[in-house]
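For reference, the structure is listed below as structure tokens.
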């Protein structure tokens, strides 16, 4: 304990030193000064736990002595020493902030030690209360305190600003005054049940402002027990308004499910509507048709007249397609000049044929775009459910195959899918046969693509990417064999090989003296739902003695949304282990912020699809910015992949994206090349311009 003694009477100073040394369990460091000025100077360079202050000094006298010391060191506990027992003086000093008032003639070792300890503890408590009061009034979060009967006894300024009430209108009321009609009585019964059983409840609640406007809030309610009997004495509710987050969620959801150019549903929403259409057809025992449309020679128009004219033409095509379909049908743009149509509840094939002819006729008329008269035609492939193959995942693929046959038959026509269009099936079978042998023949390779920290420019992580070097087929694209791995179930042993190989490589780099960094590994849907996934990862990390925080598993939104409860359980197990989790291609899936906030993830990864046209494409720019802001608001890390040029880098770094990955920095390379990069990498490329 460091004590500052300010006493000019030497016999009293000697007495105090002796009393402090008696029966002391603390290590006492006494710093003795005789003048207040010297003490004030010492406080500029030294820290003390407490001060013992005599009020009669050569350069100060009376209460002013205390006030000058307290003004310079307001957080320092001060015990006043005096030669007379003056109760009025003692009260004045206590009100001014003195921790105790001791008469020198009545001092004993025990009294002095107790006074020192109590004074220090009281000052700490006082500072904590002052800090809590400051936080209460200055925080941006709304805070409400009620008694055990839920009568409101205190609210902070932020609460009033958010709700529109002044505190006088709230005090004495109950929180029911803020209830909207968005929640049922059962919702609140469950809330109180959880709160009273566990002492805490957190979740999303829609409240009502004084103006009547309903707003969403993320609320954390705690039950505070009494010190004496441990019964609940108060409830404390802390909430944050999440209106902006909700708007971001809606915007992200729309952008993720609609084509930004034409406003039509995109491939993701098309697949969802197709699943709904099939279920409806099964219930009603009716038929649906799937059409795949491709504009003939669109590339020639695009290359000749330019992309703006091409985009204008696509918008016009989308509008004519809308006129050819019913409100119950779905028209989607899949990408480029490819469109798809779902015709629901069709009674006869002749009805589908009529729609196909109507589309061909509508698109055959001249288009006036950008001052040009343009003619296009379309080739259409058609398949049915139920039909030759009732596997709904194959319907779009069958329509696509039929569309190519329409092109072979001279374009500007439609073709129905037939069984003899499956000539490609043999090639697929051969691919699968070779794939089954690839793991045992050690034909798979891992390449690594570095991730660059925007602030430092350092390589802080790598993503492990699988490659297949087949003796029979050569280098096979991941896009060809990974879907096959998924379908055949081979993704499970191959995926485990990827995790183990990547972790082993990271351990080799660490043992070689390279700095620690994150190893990102993609998990497949099948892997994620394997019952022994967590145990197997733990075993690999333990065998290699690799810190779990260096492994980051990348999952897609659709994987965790397939079975939310199961996903949450798995993610929590990985989190407890220390393994990091990233949501890959965030913004392209179907997740909701309502679910995302419950998932213990560390990183949101922006898809290269949104990075490709940055910063020129305003929609992609909006999506990228929204994901980065969302990650920051949820205290998650953000990574952008597919960064290929300085413009993309400048935009993403300007939006405070934390890590970047892409060809601008390095292509995926073998492990030895990464080792070379780590040895020579200096910094991120300079900003353009």
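Numbering (the UniProt record's numbering), first residue to last: 1 to 689.
The beta-carbon is built from N, C-alpha and C at its ideal position, and this holds for glycine as well.
Here the structure is a predicted model, which means the values were calculated and not measured.
- Here residue 254 is exposed. Its C-beta has fewer than 16 other C-beta atoms within 10 Å.
- The segment 302-319 makes no contact with the segment 342-349; the number of CB pairs closer than 8 Å stays below 3.
- DSSP places residue 144 in the uninterrupted beta strand (DSSP E) bounded by 142-147.
- In the structure shown, residue 298 falls within a helical segment according to DSSP collapsed to helix, strand and coil.
- Taken atom to atom, the span from the alpha-carbon of residue 473 to that of residue 433 is near 12 Å.
- Looking at 375, 247 and 493, the one whose alpha-carbon comes closest to that of residue 305 is 375.
- Membership of residue 274 in the alpha helix (DSSP H) is indicated by the continuous run 267-284.
- DSSP places residue 154 inside the beta strand (DSSP E), whose first and last residues are 152-155.
- Under the 10 Å beta carbon count, residue 659 is surrounded by 16 or more other beta carbons and is classified as buried.
- Annotated three-state conformation of residue 655 is coil, per DSSP.
- For residue 239, the three-state secondary structure derived from DSSP is strand.
- In this structure, DSSP gives residue 512 a state outside helix and strand, which the three-state scheme calls coil.
- The beta carbon of residue 243 lies closer than 7 Å to those of 215 and 216 in the same chain, with the five residues before and after it left out.
- Note on residue 81: 16 or more other CB atoms within 10 angstroms of its CB, so buried under the neighbour-count rule.
- In this structure, the straight-line span from the alpha carbon of residue 371 to that of residue 413 is close to 28 Å.
- Residue 207 sits in a strand when the DSSP states are folded into three classes.
- Boundaries for residue 461: no alpha helix (DSSP H) harbours it, while the beta strand (DSSP E) harbouring it runs 459-470, taken from the DSSP string.
- In the structure shown, the three-state DSSP call for residue 316 is helix.
- Excluding sequence positions up to five before and after residue 334, its CB lies within less than 6 Å of the CB of 267 and 340, all in the same chain and listed in chain order.
- Your pair residue 623 and residue 579 does not check out as a contact, with CB atoms roughly 28 Å apart and the cut at 8 Å.
- When the five nearest sequence neighbours on each side are left out, the beta carbons in the same chain lying within less than 7 Å of the beta carbon of residue 546 are those of 503, 506 and 507, in order along the chain.
- Contact between the segment 116-123 and the segment 87-105 is present: three or more C-beta pairs spanning the two stretches fall below 8 Å.
- Looking only at 437, 453, 457 and 249, the smallest Cα-Cα distance to residue 485 is reached by 437.
- By the beta-carbon neighbour count (other beta carbons within 10 angstroms, threshold 16), residue 61 is exposed.
- Here residue 475 is exposed, its C-beta having fewer than 16 other C-beta atoms within 10 Å.
- When the five nearest sequence neighbours on each side are left out, the beta carbons in the same chain lying within less than 8 Å of the beta carbon of residue 534 are those of 570, 573, 574 and 577, in order along the chain.
- Take the alpha-carbon of residue 11 and the one of residue 5: they are about 13 Å apart.
- For residue 220, the secondary structure class from DSSP, reduced to helix, strand or coil, is strand.
- Residue 198 counts as exposed, since fewer than 16 other beta carbons sit within 10 angstroms of its beta carbon.
- The three-state reading of DSSP puts residue 412 in coil, since its state is none of H, G, I, E or B.
- For residue 535, the three-state secondary structure derived from DSSP is helix.
- The C-beta of residue 381 has 16 or more other C-beta atoms within 10 Å across all chains shown, which makes the residue buried.
- Between residue 530 and residue 668 the beta-carbon gap is near 26 Å, outside 8 Å, which marks them as no contact.
- Sixteen is the threshold: when 16 or more other Cβ atoms of the shown chains lie within 10 Å of the Cβ of residue 378, as they do, the residue is buried.
- DSSP, reduced to helix, strand and coil, places residue 324 within a helical segment of the structure shown.
- Across the structure, residue 662 and residue 641 are spaced so that their CA atoms are roughly 6 Å apart.
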